[in-house]
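Each residue of the sequence shown is one higher than the last, beginning at 1 in UniProt numbering.
Have a look at the structure below, then the notes.
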Amino acid sequence: MVIAVDGPTASGKGTLARRLAAHFGFAYLDTGSLYRAAALRLLRAGGDGADTDAAVAAAQGIGPDDLADPALREEATGNMASRVAALQPVRDALFALQRDFAACPPAGLPGAVLDGRDIGTVVCPDARVKLFVTADVAARARRRHLELTGQGQEVAYETVLRDLKDRDARDSARATAPLARADDAVLIDTTKLDIEAAFSAALEACASRMDGS
Numbered sequence: 001m002v003i004a005v006d007g008p009t010a011s012g013k014g015t016l017a018r019r020l021a022a023h024f025g026f027a028y029l030d031t032g033s034l035y036r037a038a039a040l041r042l043l044r045a046g047g048d049g050a051d052t053d054a055a056v057a058a059a060q061g062i063g064p065d066d067l068a069d070p071a072l073r074e075e076a077t078g079n080m081a082s083r084v085a086a087l088q089p090v091r092d093a094l095f096a097l098q099r100d101f102a103a104c105p106p107a108g109l110p111g112a113v114l115d116g117r118d119i120g121t122v123v124c125p126d127a128r129v130k131l132f133v134t135a136d137v138a139a140r141a142r143r144r145h146l147e148l149t150g151q152g153q154e155v156a157y158e159t160v161l162r163d164l165k166d167r168d169a170r171d172s173a174r175a176t177a178p179l180a181r182a183d184d185a186v187l188i189d190t191t192k193l194d195i196e197a198a199f200s201a202a203l204e205a206c207a208s209r210m211d212g213s
């Protein structure tokens, strides 16, 4: 059983995906963290995202410690991740890892929840449940700004809003696995929903798809 959760940054997809995994007892993979880890390794090596070979090497070197690095959530990491994610060789380097996770969840768990931007369209197109979580860009910028300032980072709301718009444009326009809603994905707009209401909507969608209706 695979649940694919896609959507743009700060839409709430990660929170929903983690809660769904806990609710059903499934394994959880934040696929965006893989690209962030590659981006962070690249940044620390002095790369700028234009060197495909360096980006691929960074992706191939990812280990458990990379995925636990708190710097993954920094804005510079996220912006670089959006750039390296547009490189097909980088996606190829991480594609098998994601599919293997979905096909054989760790610890023998009965299913997997993966969140990202192309899970329902590219990584797991046959997923039983597909959700596309979105929200108005202004609402997403407010959430992201609160998250960053709560971490002690000094950043203006206007800067966060601009970065989100730029990232949305890159993610949606890239030729390789663009951010897109799968034709059979259930849309959940969290602009005016709190987490409990969004989670209820996600559970309802999952129940419908799991029952085969």
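Where a beta carbon is used, it is the ideal one built from N, C-alpha and C, also for glycine.
Note that the structure is predicted; figures quoted are calculated from it, not measured.
| Query | Result |
| --- | --- |
| 8 Å CB neighbourhood of S203 in its chain, flanking five on each side removed | According to the sequence shown, residue 203 is Leu rather than Ser. Cβ within range, chain order: L20, H23. |
| Nearest to G47 (by Cα), restricted to the options R181, T77, K130 | T77 |
| Ranges of the alpha helix (DSSP H) found wholly within the stretch 131-204, counting only runs of at least 4 | 137-150, 157-173 |
| Identity of the residues DSSP links to Y28 by a beta bridge | V113 |
| Separation of T191 from R170, as counted between CA atoms | 22 Å |
| Endpoints, alpha helix (DSSP H) assigned at V2 | No alpha helix (DSSP H) contains V2, which is instead part of the beta strand (DSSP E) from 2-6. |
| Rounded straight-line distance, which links the Cα of A37 to that of L67 | 6 Å |
| Distance, P70 Cα to G63 Cα | 14 Å |
| One or two residues paired with V129 in a DSSP bridge | I3 |
| Member of D30, I3, M1 whose CA lies at the smallest distance from the CA of G14 | D30 |
| Three or more C-beta pairs below 8 Å linking the stretch 150-162 and the stretch 90-104 | no |
| Cβ pair L39, R144 closer than 9 Å | Strictly speaking, residue 39 in this sequence is Ala, with Leu absent from that position. Their beta carbons are not under 9 Å apart, which means A39 does not touch R144 by this criterion. |
| Other residues of its chain near V56: CB distance less than 7 Å, five sequence neighbours each side excluded | P89, V90, A93 |
| Pairwise C-alpha distance: A58 and A45 | 9 Å |
| Within the stretch 35-60, ranges of the alpha helix (DSSP H) (whole runs, at least 4 residues) | 52-60 |
| Where R18 falls: helix, strand or coil (DSSP) | helix |
| 9 Å Cβ cutoff met for G7 and L164 | no |
| Closest by C-alpha distance to D126, when choosing among R99, G49, G108, A138 | R99 |
| Own chain partners of S33 with C-beta closer than 7 Å, once the 5 adjacent residues on each side are dropped | L67, L72 |
| Helix, strand or coil at L87 according to DSSP, with G and I counted as helix | coil |
| Cut-off 6 Å between Cβ atoms - residues of its own chain near P186, not counting five sequence neighbours on either side | Reading off the sequence shown, one finds Val at residue 186, where the question assumed Pro. Same-chain partners within the cutoff: L131, A205. |
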